[in-house]
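Chains as they are written, first to last, in my numbering: chain H, 70 to 221; chain R, 196 to 920. Don't be surprised by glycine CBs; every beta carbon is placed ideally from N, CA and C. Quantities reported herein were computed from a predicted structural model and do not represent experimental measurements.
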């Protein structure tokens with residue numbers, strides 16, 4: 070058993086130490102908002118926050134999260150920046166198939182938490198690890214700028 | 196469009212009360228216009244309504260005023276979760292905020308109105324459902340008015356509908372309050388659809404109904420299906436297509452915590468486990484000896500050499516006019532070129548998966564699929580059941596792009612085989628590596644052309660030979676799609692090119708290669724390679740003729756007003772001919788596919804061999820744009836998908852094996868590569884076309900034509916990769 074802090078709650082999980090956080094969230098905790106895309110930190114679909122930092126949960130074992138706070142898409146509505154990002158996503162109608170969007174929103178929220186007025190180059194740097202096969206990139210960019218404006 | 200539709204002749208309709216109260220509108224159209232599959236009409240809604248099984252609902256109105264629209268097609272990002280309800284809501288005068296949406300089950304009544312099987316593909320959902328969904332809305336509105344007339348004791352023609360209510364001079368009654376009465380009434384035999392000038396919803400940009408749940412993580416994809424007793428299964432498949440298991444040792448796998456069972460299935464060896472991580476580790480621990488079979492020496496470089504040799508020979512005729520050989524022989528200016536497009540994987544963000552639960556008298560399947568009835572039939576065959584005993588639950592698709600519409604029903608059949616062998620409910624999951632290496636690719640194609648130019652610089656003869664695998668051979672579509680040995684999807688965009696119609700002598704030939712690499716339609720199908728070849732060749736001819744590439748196209752397409760409309764709008768918005776920033780060059784391409792006409796102007800710079808696409812201006816004529824913002828999103832999407840493929844993506848083979856495995860070596864477009872995209876819609880009352888795919892074909896040639904303008908180097912092989920380094 071391992072104890073993890075997930076979305077502000079201490080949880081006891083029956084998960085081996087080497088299980089990636091992604092599968093602990095999805096298969097053990099039934100928190101399926103975080104998605105599997107590649108399993109090798111290439112696509113960003115599995116992005117969650119570990120102590121506020123965006124990480125790829127598909128390659129991060131649960132042992133790394135002991136004593137730290139895991140935050141997932143399911144808790145973004147309670148996060149000031151996350152909520153603004155979600156509102157901007159809705160306003161600009163970003164999503165298509167939607168599968169990558171949890172990861173996109175987690176990456177965008179982590180970006181805006183540390184950079185309140187990201188430039189296009191900042192967005193390229195922070196978001197190029199998150200693949201969207203539907204090509205919602207122009208709308209993601211616009212939504213990040215819109216959220217930044219709202220938060221300012 | 197406002198003419199009454201005689202429903203009794205064309206459609207079978209029924210209104211029934213729900214057990215829980217409310218109104219259900221169900222109907223089927225017995226006469227589809229054409230069928231992809233022979234015999235599909237028999238399996239589909241029959242001529243005799245009395246022989247129909249219980250009809251399926253397209254629309255339900257609950258006594259709580261909720262209006263639930265059933266989608267006969269699958270939502271995979273393209274936006275029909277919103278567009279089809281818009282059609283119903285328009286005719287119904289519904290309150291848009293009360294609309295809910297569900298995927299329909301698999302049943303003949305949900306067959307595509309043109310293709311005769313249940314399928315989401317060919318950029319066809321909106322145009323093919325434009326009448327059916329509007330009729331469902333109009334019929335329901337008529338029933339609700341009749342119900343209100345009865346309740347109020349007034350004539351129906353004194354009543355109108357408004358935002359979810361039937362309204363009289365003095366009273367208004369909500370649709371929900373009328374639903375139960377409406378369900379008892381006889382269905383009208385005809386309805387009148389609104390005059391387009393009265394539309395309030397159709398033609399207006401409308402936000403996606405699936406937006407909120409896809410933003411907060413609650414949207415359910417196939418991958419998210421979980422229920423008590425469901426195990427996760429991962430299949431080890433042959434590293435070479437067509438290989439078979441010789442023997443395997445699962446001792447180490449079975450010792451791992453969480454691994455429940457290991458079973459052999461036709462496609463390989465399946466590990467059944469408590470969760471993904473255990474299944475993955477269990478699969479990694481398997482020792483399998485494979486009989487790799489005939490493909491063990493497969494090599495895409497050698498294949499290309501074989502294609503090249505074949506292209507030097509005649510092939511089967513796909514289109515022909517005049518005497519091409521004679522015209523070429525006497526020509527003074529001849530342009531010759533060869534274009535190659537590689538194998539491509541679809542790589543939707545959601546790797547393939549399928550959950551299956553087999554019971555004593557049936558089977559339930561949960562997956563994201565573009566071809567419900569095909570999957571249903573395949574599952575039924577494996578289990579010895581009737582199709583109607585197999586219930587398909589369609590979840591949101593985490594991208595499809597054609598991969599989830601497989602006539603061979605590969606990922607569903609495999610999941611059923613695993614569940615059958617394991618004796619427990621299973622969800623098969625694919626890794627990204629399984630997806631990239633798993634086949635059903637866009638086939639590699641080689642185009643070889645020899646074109647004669649007259650003294651005015653215009654083509655006088657065009658010889659064009661294609662070599663590649665057919666996506667239709669061996670599928671149920673073969674007899675319809677392959678005529679005289681020519682697969683229509685192999686030569687689409689070439690054999691039917693408007694440019695050729697302008698030329699007195701042309702000849703399009705096809706060599707269909709009998710390779711055993713699994714191939715499939717990939718977003719925009721044959722157009723994904725034919726537009727690259729054709730629009731590059733036209734650019735080559737324009738330069739050979741020392742003419743402006745836009746003017747050259749305008750001259751050749753002068754009798755094709757929809758091509759011209761898209762061409763002129765994009766050129767105008769892109770300021771064609773006006774100066775650009777230093778180092779930036781333009782390229783243009785225009786192509787018709789799936790009934791829509793799209794032009795793109797790309798602005799590109801090349802610096803130290805690195806290609807940067809700054810901006811793409813695109814114009815589309817698709818007839819009526821039902822949801823303009825959704826159309827724009829599809830154009831952005833097609834550009835991203837096509838540009839990523841053009842710049843980076845290819846599947847290659849060596850020693851029988853696929854050489855790519857994940858997004859680090861099967862590269863796709865990322866944020867940093869995405870250009871600014873501007874979408875312009877031609878105001879058009881022409882026949883409706885599709886929007887999910889037609890934005891893709893022009894991307895590659897618009898960019899490579901711009902690269903030529905910038906560098907003088909003609910890119911004739913995709914991907915562009917490091918060719919400019």
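Contiguous alpha helix (DSSP H) assignments of at least 4 residues, all confined to the segment 157-188 of chain H: Runs of the alpha helix (DSSP H) inside the segment 157-188 of chain H: 170-183.
Inter-residue Cα distance where the pair is residue 584 of chain R and residue 591 of chain R: If I take the Cα positions, the gap works out to 22 angstroms.
Beta-carbon proximity list for residue 268 of chain R, same chain, < 6 angstroms, skipping 5 on both sides: Taken in chain order, the residues that qualify are 275, 315 and 320.
Within the segment 757-844 of chain R, ranges of the alpha helix (DSSP H) (whole runs, at least 4 residues): Entirely contained in the segment 757-844 of chain R, the alpha helix (DSSP H) runs reaching 4 residues are, in chain order, 823-842.
Per-residue contacts from residue 620 of chain R into chain H (C-beta, under 9 angstroms): None at all; the shortest Cβ gap to chain H is about 15 angstroms.
contact_flag[the segment 406-414 of chain R, the segment 165-173 of chain H] where n(CB pairs < 8 angstroms) is 3 or more: Touching, yes.
Cβ separation of residue 537 of chain R and residue 845 of chain R, assumed to be a contact under 8 angstroms, to the nearest whole Å: Right, the Cβ-Cβ distance comes to about 4 angstroms (below 8 angstroms), so this counts as a contact.
Those runs of the beta strand (DSSP E) which lie wholly inside the segment 610-639 of chain R and span at least 3 residues: Correct list: 621-624.
Proximity test, Cβ basis, 8 angstroms: residue 863 of chain R and chain H: Against chain H, the CB of residue 863 of chain R has a partner CB under 8 angstroms away; the residue lies at that interface.
Partners in chain H for residue 824 of chain R, counting only beta-carbon separations shorter than 9 angstroms: Per Cβ cutoff of 9 angstroms: 162.
Cα-Cα separation between residue 555 of chain R and residue 857 of chain R, rounded to whole angstroms: Spanning the two alpha carbons is a distance of roughly 40 angstroms.
Those residues which DSSP pairs with residue 542 of chain R across a bridge: Under DSSP, residue 542 of chain R takes part in no beta bridge, so it has no partner.
Neighbour-count burial assignment, residue 145 of chain H, 16 or more Cβ in a 10 Å radius: Result: buried.
8 angstroms Cβ cutoff, residue 560 of chain R in contact with chain H: Residue 560 of chain R does not count as touching chain H.
Any chain R beta carbon closer than 8 angstroms to residue 80 of chain H: With a threshold of 8 angstroms between beta carbons, residue 80 of chain H makes no contact with chain R.
For residue 659 of chain R, the first and last residue of its enclosing beta strand (DSSP E): Per DSSP, the continuous beta strand (DSSP E) segment holding residue 659 of chain R begins and ends at 654-663.
For residue 548 of chain R, the nearest candidate out of R/599, R/333, R/758 and R/489 (CA to CA): Comparing alpha carbon positions, the residue from R/599, R/333, R/758 and R/489 closest to residue 548 of chain R is R/599.
Contact with chain H by residue 867 of chain R, beta-carbon distance below 8 angstroms: Contact of residue 867 of chain R with chain H is assigned, a C-beta pair being separated by under 8 angstroms.
is_contact[residue 419 of chain R, chain H] using C-beta, thresh 8 angstroms: At least one chain H Cβ lies under 8 angstroms of residue 419 of chain R.
Top-ranked residue by Cα proximity to residue 635 of chain R, from R/602, R/327, R/892 and R/653: It is R/602 whose Cα lies nearest to the Cα of residue 635 of chain R.
Per-residue DSSP class, three states only, for residue 253 of chain R: Looking at residue 253 of chain R - three-state DSSP - the assignment turns out to be strand.
Nearest-angstrom Cα separation, counted from residue 338 of chain R out to residue 363 of chain R: A direct Cα-Cα distance of roughly 15 angstroms separates residue 363 of chain R from residue 338 of chain R.
Proximal residues, the segment 572-600 of chain R versus chain H, C-beta separation under 9 angstroms: Listed by position, the residues of the segment 572-600 of chain R near chain H (Cβ gap below 9 angstroms) are 591, 592, 593, 594, 595 and 596.
Residue 197 of chain R to residue 883 of chain R span [Cα, whole Å]: Caution is warranted here: a pLDDT of 41 is assigned to residue 197 of chain R, below 50, making its placement in the model unreliable, and the coordinate value is therefore given only provisionally. Residue 197 of chain R and residue 883 of chain R have their alpha carbons spaced roughly 17 angstroms apart.
Length of the line joining the Cα atoms of residue 226 of chain R and residue 284 of chain R: Reliability fails at residue 226 of chain R, whose pLDDT of 35 lies under 50, so the model's placement of it is uncertain and no value is given.
Within chain C, partners of residue 452 of chain R - CB distance below 8 angstroms: Any reference to chain C falls outside this structure, whose protein chains are H and R.
Enclosing beta strand (DSSP E) for residue 281 of chain R [first to last residue]: Under the DSSP assignment, residue 281 of chain R falls outside any beta strand (DSSP E), being part of the alpha helix (DSSP H) whose first and last residues are 275-287.
8 angstroms Cβ cutoff, residue 180 of chain R in contact with chain H: Within the shown structure, residues of chain R are numbered from 196 to 920, placing residue 180 of chain R beyond reach of any answer.
Same chain, Cβ closer than 6 angstroms to residue 138 of chain H, neighbours up to 5 away in sequence not counted: Sequence-distant partners of residue 138 of chain H (beyond 5 residues in either direction) whose C-beta falls short of 6 angstroms from its own C-beta, in its chain, are 74 and 120.
Through-space distance from residue 296 of chain R to residue 482 of chain R, alpha-carbon basis: Between the alpha carbons of residue 482 of chain R and residue 296 of chain R lies a distance of about 46 angstroms.
Beta-ladder partner(s) of residue 929 of chain R, from DSSP: Lying before the first or after the last residue shown, residue 929 of chain R is absent from chain R, which here runs from 196 to 920.
Element boundaries [alpha helix (DSSP H), containing residue 905 of chain R]: Unbroken alpha helix (DSSP H) run through residue 905 of chain R: 894-906.
Close-in-space but distant-in-sequence residues of the same chain around residue 424 of chain R (CB under 6 angstroms, 5 per side omitted): Within the same chain, residue 424 of chain R has close Cβ partners 620.
Which of helix, strand or coil DSSP assigns to residue 597 of chain R: Three-state DSSP puts residue 597 of chain R in coil, outside helix and strand.
For residue 104 of chain H, three-class secondary structure by DSSP: Three-state result, residue 104 of chain H: coil.
Residue 70 of chain H, buried or exposed, once every other Cβ within 10 Å from all chains shown has been counted against 16: Under this definition residue 70 of chain H is an exposed residue.
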